[in-house]
């Protein structure tokens, strides 16, 4: 299966839960994720304004993200900006479309799909999806990698797994959250079985 290149909008990266799932999915090899500095700037501005984070905290977050996925940050050229300058859309979102061109993205994931020009994007072979649609596709096509992303999200979250899933459910809905719960439950059962099977020879080897 070809790994899709996904350009993430700032409203995807703003949410710690979505950010973690998609970054860890990229780390697991489910997708390749990209963003621009302008997208990070927008993410950080909103984190400072809405969550009252300070500049030091958002600068640190950007550094962590860029260090974690070294190929994620793309340079948007003047040609990329020129190519979208006359596209009929909200001018404030044109930089995201330009970043998708710079990244040679297969998918643009955003929670504001209505703000983007679907016809133009089809012509340029960029699929427009929201977080629920993309995470659903990944859960169906590469469940083991989504399971890995979920496990890392929980591992590094200050919340217990149940609360992480409740937060995810509020964003993506019951159906998808339940699918990921099922993936997590399957992993737990398999781990218990592997641990039990692995323990048997050790017990048998004891005098």
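Residue numbers (my numbering): 16 to 222. Beta carbons are placed, not taken as given, at the ideal position from N, Cα and C, and that holds for glycine. These figures come from a predicted structure and were not determined experimentally.
- For the pair residue 47 and residue 89, the CB atoms are not nearer than the 8 Å cut-off.
- Per the coordinates, the alpha-carbon of residue 196 lies some 22 Å from the alpha-carbon of residue 28.
- Each residue's CA atom was taken as its position, placing residue 92 and residue 41 some 24 Å apart.
- Bounds of the alpha helix (DSSP H) holding residue 136 are 133–138.
- By the 16-neighbour rule on beta-carbons within 10 angstroms, residue 97 is exposed.
- Here DSSP, grouped into helix, strand and coil, assigns residue 47 to strand.
- Around the beta carbon of residue 149, a 10 Å sphere encloses 16 or more other beta carbons of the protein chains shown; the residue is thus reported as buried.
- At a Cβ-Cβ threshold of 8 Å, residue 183 and residue 192 count as neighbours.
- Residue 109 is a Cβ neighbour of residue 99, given a cutoff of 8 Å.
- According to the DSSP assignment, residue 103 belongs to no beta strand (DSSP E), since it is labelled neither H nor E.
- In the same chain as residue 25, and ignoring 5 residues on each side of it, the C-beta atoms closer than 6 Å to its own belong to 54, 57 and 58, in chain order.
- Residue environment for residue 160: buried (at least 16 other C-beta atoms within 10 angstroms of its C-beta).
- When the alpha-carbon of residue 111 is set against those of 158, 52 and 37, the nearest one is in 52.
- Minimum Cα-Cα distance from residue 157 among the listed residues 114, 35, 120 and 43 corresponds to 43.
- The beta-bridge partner set that DSSP reports for residue 21 consists of 48 and 122.
- Around the beta carbon of residue 70, a 10 Å sphere encloses fewer than 16 other beta carbons of the protein chains shown; the residue is thus reported as exposed.
- Ranked by Cα distance from residue 166, the first of 137, 141, 198 and 181 is 198.
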